[in-house]
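Undergrad: Counting in UniProt numbering, the sequence shown runs from 1 upward without gaps.
A virtual CB, placed ideally from N, CA and C, is assigned to each residue, including glycine.
What follows is a structure written as structure tokens; I'll ask about it next.
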Amino acid sequence: MVRGKVQLQRIEDKSSRQVCFSKRKRGLLKKAKELSVLCDVEMAVIIFSSTGKLFEFCSGNRHVLNSAPFHSKHAFNFVSFFHF
């Protein structure tokens, strides 16, 4: 059975939007972990919810953000943060 194309648009119902966010966040973090293990790469994923709550994943021993000093509205230079 083939699914049709899904139109990407904001979910208007707040409860449905929160459920979708939680499920997709969990899936994204799981995929990041799988990719880091399968391909032996270091990964970092940072997610800010609509309320500004921080969620993160970092492979390896490094912690991307120890104490969330950044707000989701602020610009952040990831290249200089990771010292590439």
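1) Can you find the residues in the same chain that come closer than 7 Å, C-beta to C-beta, to Lys25, ignoring five residues on each side of it along the sequence?
2) How many angstroms separate the CA atom of Arg17 from the CA atom of Cys39?
3) Starting from the C-beta of Ser59, find all residues in its chain whose C-beta is less than 6 Å away, skip the five residues before and the five after it, and write them out in chain order.
4) Just to confirm the assignment, what range does the alpha helix (DSSP H) spanning Glu34 have?
5) DSSP three-state label for Ile11, please.
6) Rounded to the nearest angstrom, how far is the Cβ of Val6 from that of Leu29, given a contact under 8 Å?
TA: So, from the data block:
1) Here residue 25 refers to the residue found at position 25 when the sequence shown is read from its first residue. Ile47 and Phe55.
2) Counted from its first residue, the sequence shown places residue 17 at position 17. Counted from its first residue, the sequence shown places residue 39 at position 39. Rounded to whole angstroms, Arg17 to Cys39 spans 32 Å at the Cα level.
3) Stepping through the sequence shown from its first residue, residue 59 is reached at position 59. By the criterion of a C-beta distance shorter than 6 Å, Ser59 is surrounded in its chain by Ser36, Glu42 and Met43, once the five residues flanking it on both sides are discounted.
4) As a position in the sequence shown, residue 34 is number 34, starting the count at 1. Where Glu34 is concerned, the enclosing alpha helix (DSSP H) stretches over Lys14 to Cys39.
5) The count along the sequence shown starts at 1 and reaches residue 11 at position 11. Ile11: coil per DSSP, three-state reduction.
6) In the sequence shown, the residue the question calls residue 6 occupies position 6. In the sequence shown, the residue the question calls residue 29 occupies position 29. Not quite, the Cβ-Cβ distance comes to about 21 Å (not below 8 Å), so this is no contact.
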